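Protein chains: 2
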Amino acid sequence: METEFLAWLAERLPSHPCLRIGPGDDAAVFRLAKSADCVVTTDLLTDGVDFELSKLADPRRIGHKALAVNLSDLAAMAAKPLAVVISLALPRANALPIAQSLYEGLLPLAARFQTAIAGGDTNTWDGPLAISVTAFGETTDRGPLLRSGAQPGDAILVTGQFGGSILGRHLDVEPRVAEALQLHANYTLHAGIDVSDGLSLDLSRMLTASNCGATLDATAIPIASAAHELARQKPASGTSLEHAFGDGEDFELILAVPSAEAERLLRDQPLAGVKLSQIGNFTTEPGLRMIDEQGRVTPLVAKGYLH
Amino acid sequence: METEFLAWLAERLPSHPCLRIGPGDDAAVFRLAKSADCVVTTDLLTDGVDFELSKLADPRRIGHKALAVNLSDLAAMAAKPLAVVISLALPRANALPIAQSLYEGLLPLAARFQTAIAGGDTNTWDGPLAISVTAFGETTDRGPLLRSGAQPGDAILVTGQFGGSILGRHLDVEPRVAEALQLHANYTLHAGIDVSDGLSLDLSRMLTASNCGATLDATAIPIASAAHELARQKPASGTSLEHAFGDGEDFELILAVPSAEAERLLRDQPLAGVKLSQIGNFTTEPGLRMIDEQGRVTPLVAKGYLH
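Take a look at the structure:
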């Protein structure tokens with residue numbers, strides 16, 4: 046299977062300036078920009094957890110998602126993507142067409158973000174589908190953006206909208222790579238994280254790493270239409286705001302930005318097609334709080350997907 | 046599960062000079078030596094294919110193997126290991142003790158080869174165990190050792206012995222990292238590959254990449270005692286020589302070495318505890334041939350594990 050698949054793949058792999066030795070040897074060799082550090086992240090997606098192969102009309106979306114969530118992690122570090130390696134554990138039935146579909150889903154995304162396919166390992170087995178992607182990028186002149194740099198007084202900015210990703214958006218992830226690089230190059234950012242497990246949960250991780258607290262403005266949370274739809278369809282599942290806080294898999298960025306810089310950013314709205322919103326502020330007081338429509342401040346319990 | 050596991054793991058992860066940002070952020074950041082290139086490889090090991098979890102008295106050996114086979118790929122490139130990321134798909138039953146065993150198996154090996162654990166992704170699911178490791182290394186001043194550099198007239202040298210790894214050695218892989226670095230630094234090597242799928246099959250890959258052929262001396266193949274044992278136990282499975290040629294998972298090195306340099310190497314035997322043997326020569330004539338005890342030359346069909 047692997048031999049046949051690799052022949053199919055070889056015709057579809059673009060060359061890449063960073064790749065000195067591409068797939069085909071025992072390992073790939075790539076060159077970083079001078080004085081850049083290497084940034085690396087990995088995510089393993091499994092059938093029944095991150096997707097349901099049997100229910101998907103188009104398995105290419107799995108390939109897209111597997112690459113996109115890794116690129117989103119590079120975006121959270123404001124790192125420039127360079128290359129990925131991809132390992133597949135394929136069910137024996139239909140292994141080849143599944144592998145091809147996965148790559149057909151991820152190759153266009155890799156091309157769009159100038160990310161080389163540096164190698165991989167393609168296996169068949171008696172288990173369900175699992176796909177592991179390791180992405181690596183390089184830091185820019187401004188270094189990596191960490192989740193630990195938020196300071197009391199900083200504004201909490203987010204890209205895009207939150208909630209209801211399970212209705213489909215979780216498969217069609219649009220990693221905020223270009224946005225992160227653009228903002229990191231042109232504005233002062235103190236910290237960044239991407240929202241994989243839930244807006245409130247990932248924000249709480251930033252608070253822990255940065256040793257500060259936050260107060261959110263309930264009326265300022267950009268709620269995705271899918272969150273409203275979920276709340277309508279299943280009222281017992283929570284309000285649309287609760288979906289926005291806890292659903293996860295939005296793969297938007299949370300940024301800590303000095304307040305004057307945040308004003309400039311919100312005025313500029315420099316991102317093409319992606320709105321920046323301020324949802325609150327970092328505070329000296331630890332913990333996560335929310336101000337509701339009536340101006341009442343209540344503790345907010347961080348919710349989201351715990352692995 | 047992941048939260049509890051990460052707390053357990055955090056106490057066991059050594060710091061590493063190359064790691065600027067370790068596990069805990071969206072991605073890790075590591076620094077290469079000045080002017081070094083980054084070398085990357087990945088291997089996914091799955092239950093029922095690369096190991097049998099239910100039959101193993103000591104699942105730590107799976108963790109050891111998963112890291113070792115990746116380090117072996119870095120060795121084949123004569124690259125210095127720096128860091129790995131590790132993704133686990135764990136069966137829900139006993140996920141935590143399995144994860145701990147895997148790490149108990151790989152952490153001592155990582156420490157021995159000064160390899161940082163830069164990050165990972167730990168998941169539970171309804172499927173069997175799968176473990177994906179991606180290893181990063183850096184090239185030395187002499188650059189990477191490729192499989193494509195063998196030249197007609199070069200000697201074919203190998204480390205160690207071959208065959209019968211299924212009797213146990215395939216789990217206790219000893220990656221030839223130090224050996225590859227020592228040889229690459231002190232001798233002229235034209236090409237290298239590690240034997241994962243079979244001595245004859247991996248050699249044939251080197252021939253294809255190097256666009257040459259090879260003639261092997263049947264009497265010079267270092268046959269492991271396990272290969273003799275297998276041939277005795279199951280005569281129908283082939284001779285010990287056939288086991289040496291085709292069993293795979295030996296994780297020894299095949300090296301292409303200019304003939305005068307090979308003489309020096311064989312005289313020096315510079316590797317502590319690992320014997321170097323010449324098993325034949327590269328030839329202009331394409332294809333793989335064997336000279337048997339009686340001096341007859343016959344074509345040798347490359348055999349091994351095809352994925």
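Protein chains in written order, with this note's numbering: chain Z, 46 to 352; chain P, 46 to 352.
Think of the CB as a built atom: it goes at the ideal place given N, C-alpha and C, for glycine as much as any other residue.
Since the structure is predicted, the reported quantities are computational estimates derived from the model, not experimental observations.
Excluding the 5 residues flanking residue 268/Z on each side, which residues of the same chain have their C-beta closer than 7 Å to its C-beta?
206, 207, 208, 285, 286 and 289
Beta-carbon separation (whole angstroms), residue 189/P vs residue 124/P, contact threshold 8 Å:
Separation of the CB atoms of residue 189/P and residue 124/P is rounded to 6 Å, and the pair is thereby assigned contact status at 8 Å.
Does the beta-carbon of residue 151/P, which I'm using as the reference point, lie nearer than 6 Å to any heavy atom of the ligand ZN?
This structure lacks the ligand ZN; in fact it carries no ligand of any kind.
With distance defined between alpha-carbon atoms, name the residue in 320/P, 186/P, 171/P and 52/P nearest to residue 231/P.
186/P
Let me know the secondary structure DSSP gives residue 251/Z once reduced to three states.
helix
Give a yes or no on whether the minimum CB-CB distance between residue 187/Z and chain P is below 7 Å.
no
Short Cβ contact (7 Å threshold) for residue 184/Z with residue 259/Z:
no
Does the beta carbon of residue 122/Z come closer than 7 Å to any beta carbon on chain P?
yes
Output, in chain order, the set of chain P residues within a Cβ distance shorter than 8 Å of residue 168/Z.
89, 91, 94 and 352
With DSSP collapsed to three states, give me the class of residue 76/Z.
coil
How should residue 177/P be labelled, buried or exposed, when 16 other C-beta atoms within 10 angstroms of its C-beta is the threshold for buried?
buried
Can you tell me where the beta strand (DSSP E) with residue 323/Z in it begins and where it stops?
For residue 323/Z, the enclosing beta strand (DSSP E) starts and ends at 321-328.
Under a CB-based cut-off of 7 Å, is residue 173/Z close to chain P?
yes
Mind the definition here: the stretch 46-57 of chain P touches the stretch 70-79 of chain P only if three or more C-beta pairs lie below 8 Å; say whether that holds.
no
Please decide whether residue 179/Z counts as near chain P, where near means a Cβ-Cβ distance under 7 Å.
yes
Measure the beta-carbon distance from residue 241/P to residue 114/P and round it to whole angstroms, keeping in mind my assumption that it falls under 8 Å.
7 Å
With a threshold of 7 Å between beta carbons, is residue 75/P in contact with chain Z?
Yes - at least one Cβ of chain Z is within 7 Å of the one on residue 75/P.
For a contact meaning CB atoms closer than 8 Å, what does residue 362/Z contact in chain P?
Any answer about residue 362/Z is impossible in this case: the structure gives chain Z only from 46 up to 352.
Along chain Z, which residues have their Cβ under 8 Å away from the Cβ of residue 163/P?
85, listed in chain order.
Considering residue 204/Z, what are the terminal residues of the beta strand (DSSP E) in which it resides?
200-204
Please report the distance separating the alpha-carbon of residue 251/Z from that of residue 333/Z.
11 Å
According to the Cβ coordinates, are residue 220/P and residue 92/P closer than 7 Å?
no
Using a beta-carbon distance below 7 Å, is residue 137/P in contact with chain Z?
So no, residue 137/P is outside the interface.
Residue nearest to residue 137/Z in terms of C-alpha spacing, selected from 238/Z, 97/Z and 47/Z
47/Z
With 16 other Cβ atoms within 10 Å as the buried cut-off, status of residue 148/P
buried
Pull up the distance between the alpha-carbon of residue 323/Z and that of residue 216/P, whole angstroms please.
53 Å
My parser needs the alpha helix (DSSP H) runs of 4 or more residues fully inside the stretch 232-320 of chain Z; what are they?
244-255, 270-278, 285-291 and 304-313
For the stretch 56-68 of chain P and the stretch 337-348 of chain Z, state whether three or more C-beta atom pairs, one from each stretch, are separated by less than 8 Å.
no
I need the straight-line Cα distance from residue 311/P to residue 281/P, nearest angstrom please.
35 Å
Using a Cβ cut-off of 7 Å (strictly closer), state whether residue 191/P contacts chain Z.
yes
What are the start and end residues of the alpha helix (DSSP H) that includes residue 146/Z?
140-157
Just list the residues that DSSP pairs residue 125/P with in beta bridges.
183/P
List, in order along the chain, the chain Z residues whose C-beta lies closer than 7 Å to that of residue 65/P?
Residue 65/P reaches chain Z at 82, counting residues in chain order whose Cβ is nearer than 7 Å.
Would a check of beta-carbon distances place residue 130/P closer than 7 Å to chain Z?
yes
Do you know how far the Cα of residue 318/P is from the Cα of residue 253/Z?
49 Å
With DSSP collapsed to three states, give me the class of residue 57/P.
coil
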